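Using this note's numbering, the first residue of the sequence shown is number 10, and each one after it goes up by one.
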Amino acid sequence: MSLFRRLSGYLLHNWIYLAFSSICMIISTALSIYIPRLGGEVIREILSMGDYNMLVYLVMQIIALTGALGVFSFIQRYANAYFSQKVVYDIRNDIFRAIQRQSFAFFDRTQTGQLMSRATTDVDRIRAFLGWQIMGLISSLLLFGGVVTQMVSMDLELTLACFSLTPIVLATFFIFGKKIRPLIHLSREQFGGLTSILWENLVGIRVVRSFAREEFEERRFSRPNREYYETMIKVVKLRNLFLPFMNFLAGLGLVIIYWYGGIRAIGGYITLDKLFVFSAYLGMLMRPFWIIGMFWTGYQRMAAAANRVFEIIDAIPEVKDKPNAISLPPIKGHVVFENVSFGYTRDRLILKNINLEAKPGEVVALLGPTGSGKSTIIRLIPRFYDVISGRILIDGYDIRNVKLKSLRRQIGIVSQDIFLFNASVKDNIAFGKPNATMDDIIRAAKTAKAHDFIMRLPKGYETIIGERGVTLSGGQQQRIAIARAILMNPRILILDDSTSSVDVDTEYEIQQALSSLLKNRTTFVITQRISTIR
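1) Between which residues of its own chain and Phe-319 is the CB-CB distance below 7 Å, once the five residues before and five after are set aside?
2) Need the endpoints of the beta strand (DSSP E) that Ala-439 sits in, please.
3) Taking a contact to mean a Cβ-Cβ separation below 7 Å, would you say Asn-348 touches Gly-399 in this structure?
4) Which same chain residues, not among the five before or five after Ile-359, have their C-beta less than 8 Å away from its C-beta?
5) When you compare only the Cα positions, how much space is there between Phe-346 and Thr-204?
6) Tell me the DSSP bridge mates of Val-423?
7) Can you say whether Phe-251 is buried or exposed, counting buried as having 16 or more other CB atoms within 10 angstroms of its CB?
8) Taking a contact to mean a Cβ-Cβ separation below 7 Å, would you say Ala-315 touches Thr-531 in this structure?
9) Helix, strand or coil for Asn-234? Go by DSSP, reduced to three states.
10) With three or more beta-carbon pairs closer than 8 Å as the criterion, would you say the stretch 121-134 touches the stretch 286-300?
11) Looking at Val-344: is its Cβ nearer than 7 Å to the Cβ of Ile-403?
12) Please name the residue in Ile-242, Val-434 and Ile-491 whose C-alpha comes closest to that of Arg-465.
13) Are Arg-229 and Val-328 closer than 7 Å when you measure CB to CB?
14) So, does the stretch 47-54 touch the stretch 99-115, judging by three or more C-beta pairs under 8 Å?
15) Look up Ala-374 in the DSSP assignment and give the residues it is bridged to.
16) Please determine, among Asn-431, Ile-177, Phe-533 and Ser-424, the residue with the shortest C-alpha to C-alpha distance to Gly-484.
17) Can you tell me the Cα-Cα spacing of Asn-256 and Asp-103, whole angstroms?
18) Excluding sequence positions up to five away, which residues of its chain have a Cβ less than 6 Å from the Cβ of Ser-149?
19) Where does Ile-71 fall in DSSP's three states?
20) Quick one: residues in its chain with C-beta nearer than 8 Å to the C-beta of Leu-67, no 5 flanking neighbours on either side, listed in chain order?
21) When burial is assigned at 16 or more other CB atoms within 10 Å of the CB, is Ile-474 buried or exposed?
22) Any chance you could list the alpha helix (DSSP H) runs of at least 4 consecutive residues sitting entirely within the stretch 251-328, in chain order?
23) Pick out whichever of Ser-31, Glu-166, Pro-339 and Arg-418 has its Cα sitting closest to the Cα of Ala-274.
24) So, for Arg-197: in the same chain, excluding its five sequence neighbours on each side, which residues have a beta-carbon less than 6 Å away from its beta-carbon?
25) If you pair each beta-carbon of the stretch 90-101 with each one of the stretch 165-181, do three or more pairs fall below 8 Å?
26) For Gly-18, count the other beta carbons within 10 Å of its own beta carbon; 16 or more makes it buried, fewer makes it exposed. Which is it?
27) Please return the same chain residues whose Cβ sits closer than 8 Å to the Cβ of Ile-193, not counting the five positions on each side in sequence.
28) So, Tyr-237 versus Gln-199, is the Cβ gap smaller than 7 Å?
29) Nearest by alpha-carbon distance to Val-546: which of Tyr-267, Val-534 and Gly-380 is it?
30) Let me know if Ser-37 comes out buried or exposed under the rule of 16 or more other beta-carbons within 10 Å of its beta-carbon.
31) Grouping DSSP H, G and I as helix and E and B as strand, with all else coil, what is Phe-428?
32) Near Ala-334, which residues of its chain fall below 7 Å by C-beta distance, leaving aside the five closest residues on each side in sequence?
33) Give me, in chain order, the residues of the same chain whose beta-carbon lies closer than 7 Å to that of Ala-77; leave out the 5 immediate sequence neighbours on both sides.
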């Protein structure tokens with residue numbers, strides 16, 4: 010689907026704002042063309058020593074129409090800004106929705122900084138284009154057509170003389186666009202990479218400081234930052250060469266009017282009032298030329314940004330519901346792996362012909378060194394990834410034939426990589442079950458041995474624990490995560506090295522608390538500690 014058709018869907022969805030803006034734009038353009046003609050009438054009255062009252066009347070007309078022009082221009086700009094903001098509001102929602110439905114493999118191969126850049130900077134490029142460039146182009150074309158029509162009606166030969174510079178102007182726009190277009194595309198790619206490095210550094214700043222790698226990180230950031238800087242300097246140089254040259258051409262246009270127009274005025278072919286209107290119209294034409302020329306550059310920047318945005322929106326999840334997928338009914342927790350083979354890439358299998366059965370209520374422990382595939386096995390159960398061959402059954406249902414939400418809502422997971430949202434303790438625990446009562450939340454926290462330390466926090470369960478839970482210790486974060494899983498009351502519970510950050514005593518307390526919870530519940534325990542599975 011072409012880029013224009015993709016964008017037109019958003020434009021038509023908000024057509025009423027676009028239509029209102031267009032009406033105001035047409036009125037504003039008509040007033041802009043008419044006001045110089047009134048100025049010419051004023052000059053004629055002055056030169057002919059005409060009626061004083063007529064002069065006052067013409068001046069009052071100019072004042073009134075200029076005021077009306079200001080009002081309609083304001084309304085048009087406001088409506089257009091509202092329209093563009095509404096369009097990017099819809100696009101932002103679509104890109105965020107698309108990110109939410111992507112498979113884990115998508116995030117494995119896509120840098121976070123690139124996603125951030127596309128969801129923010131690239132979307133803003135679209136807003137800027139729709140906000141003033143596209144309407145500016147339409148306005149400029151209308152203004153250009155109206156002004157040229159007026160100029161031709163006054164003096165065709167002088168009009169042709171003025172437009173003798175048009176080939177030079179068009180060639181300038183073409184050369185400028187050809188040179189700046191690849192630089193703009195390169196700068197967007199460089200900025201995305203720079204954002205990725207910055208994001209990665211901020212997330213891992215504690216590791217950087219712990220290993221005294223600040224200078225290495227500075228060098229790692231400095232090189233792409235320098236490359237982006239050099240690219241933007243080239244862009245600025247081209248733009249600053251372009252503007253003075255266009256002003257020079259505008260000056261040449263005025264010289265043509267004053268010289269050739271003066272000759273025709275002396276010869277009686279054109280009056281001075283029309284010569285005044287001509288010079289005013291020529292000044293008005295420079296803006297359409299500038300906007301039309303910049304439109305192509307702006308379009309290239311927007312097109313590059315929009316393609317990157319739609320690349321995310323159009324990305325097809327590798328793991329998704331089949332068209333005929335059914336909702337998984339309440340399960341007992343019977344899990345079977347039948348000849349399962351899997352690899353993050355098809356040419357490199359990590360698991361080969363795995364056969365495994367966990368009956369309802371059983372605790373299955375997977376013990377092994379790092380990199381042995383323990384976590385990979387349990388990531389297949391909630392269908393974070395699809396198997397390459399074989400199948401996984403839960404209560405006899407092939408998990409590829411059931412809806413993802415109905416599957417994952419019956420599985421509780423506590424991973425070794427704990428993430429807590431920048432929200433209250435209560436909201437973090439209830440994340441998977443937002444309608445949970447306070448009693449349910451407290452009960453889950455007590456089971457996870459988290460209630461006591463939560464009550465010691467400044468505001469208890471209402472305490473904001475910050476991005477990634479940085480105000481809590483590693484063990485406290487893990488107990489919050491365990492409470493979050495417990496609250497869902499899942500039939501299948503996955504503990505992926507979930508006690509790795511707690512001391513032996515706390516681990517024992519959690520295991521004692523979980524012992525009653527594990528009854529009649531299928532549990533997978535991934536660990537490197539033998540003590541965890543005893």
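From the three backbone atoms N, C-alpha and C, an ideal C-beta is built for every residue, glycine too. For clarity, every value in this text was computed on a predicted model and none was experimentally measured.
Put simply:
1) Counting from 1 along the sequence shown, the entry for residue 319 is found at position 310. Result list for Phe-319: Arg-15, in chain order.
2) For this step, residue 439 is matched to residue 430 along the sequence shown. Note, Ala-439: premise wrong, no beta strand (DSSP E); not H, not E.
3) Position 339 of the sequence shown, counted from the first residue, corresponds to residue 348. Position 390 of the sequence shown, counted from the first residue, corresponds to residue 399. Yes.
4) Counting from 1 along the sequence shown, the entry for residue 359 is found at position 350. So the list reads Phe-351, Gly-352, Tyr-353, Gly-382 and Thr-385, once near-sequence residues are dropped.
5) In the sequence shown, the residue the question calls residue 346 occupies position 337. In the sequence shown, the residue the question calls residue 204 occupies position 195. For Phe-346 and Thr-204, the distance between alpha carbons rounds to 41 Å.
6) Reading the sequence shown from its first residue, position 414 is the one you call residue 423. DSSP lists Leu-504 as partners of Val-423.
7) Residue 251 sits at position 242 when you count from the first residue of the sequence shown. Buried, because 16 or more other Cβ atoms sit within 10 Å of the Cβ of Phe-251.
8) As a first step, residue 315 must be located in the sequence shown, where it is residue number 306. As a first step, residue 531 must be located in the sequence shown, where it is residue number 522. Not closer than 7 Å, so no.
9) Here residue 234 corresponds to residue number 225 of the sequence shown, with the count starting at 1. If DSSP states are grouped into helix, strand and coil, Asn-234 belongs with the helices.
10) no
11) Here residue 344 refers to the residue found at position 335 when the sequence shown is read from its first residue. Here residue 403 refers to the residue found at position 394 when the sequence shown is read from its first residue. Going by C-beta atoms, Val-344 is nearer than 7 Å to Ile-403.
12) Working through the sequence shown from its first residue, we reach residue 465 at position 456. If we check each option's Cα against that of Arg-465, Val-434 comes out closest.
13) Working through the sequence shown from its first residue, we reach residue 229 at position 220. Working through the sequence shown from its first residue, we reach residue 328 at position 319. No, Cβ-Cβ distance for Arg-229 and Val-328 is not below 7 Å.
14) no
15) The count along the sequence shown starts at 1 and reaches residue 374 at position 365. Paired residues: Val-534.
16) Position 475 of the sequence shown, counting from 1, holds the residue named residue 484. Comparing Cα-Cα distances from Gly-484 to each of Asn-431, Ile-177, Phe-533 and Ser-424, the minimum goes to Ser-424.
17) Here residue 256 corresponds to residue number 247 of the sequence shown, with the count starting at 1. Here residue 103 corresponds to residue number 94 of the sequence shown, with the count starting at 1. Straight-line Cα distance between these residues: approximately 42 Å.
18) In the sequence shown, residue 149 corresponds to position 140, counting from 1. The answer, listed in chain order, is Pro-297, Ile-300 and Ile-301.
19) On the sequence shown, residue 71 is found 62 positions in, with the first residue counted as 1. If DSSP states are grouped into helix, strand and coil, Ile-71 belongs with the helices.
20) Reading the sequence shown from its first residue, position 58 is the one you call residue 67. Closer than 8 Å at Cβ, skipping near neighbours: Leu-47, Glu-50, Val-51 and Glu-54.
21) In the sequence shown, residue 474 corresponds to position 465, counting from 1. Buried: at least 16 other Cβ atoms inside 10 Å.
22) 281-322
23) The residue labelled residue 274 in the question sits at position 265 within the sequence shown. It is Glu-166.
24) Along the sequence shown, one-based indexing puts residue 197 at 188. Ala-313.
25) no
26) The residue given as residue 18 occupies position 9 in the sequence shown. Exposed, by the Cβ-count rule.
27) Taking the first residue of the sequence shown as 1, we reach residue 193 at position 184. Taken in chain order, the residues that qualify are Val-244, Thr-306, Gln-309, Arg-310 and Ala-313.
28) Mapped onto the sequence shown, residue 237 falls at position 228. Mapped onto the sequence shown, residue 199 falls at position 190. Yes; because the gap between Cβ atoms is below 7 Å, this pair is in contact.
29) Nothing can be reported for residue 546: it is not among the residues displayed for the chain, which extend from 10 to 543.
30) In the sequence shown, the residue the question calls residue 37 occupies position 28. Its Cβ being crowded by 16 or more others within 10 Å, Ser-37 is buried.
31) Indexing the sequence shown from 1 puts residue 428 at position 419. If DSSP states are grouped into helix, strand and coil, Phe-428 belongs with coil.
32) Position 325 of the sequence shown, counting from 1, holds the residue named residue 334. Asn-410, Val-411 and Lys-412, listed in sequence order.
33) Taking the sequence shown and counting its residues from 1, one reaches residue 77 at position 68. Within the same chain, Ala-77 has close Cβ partners Leu-40.
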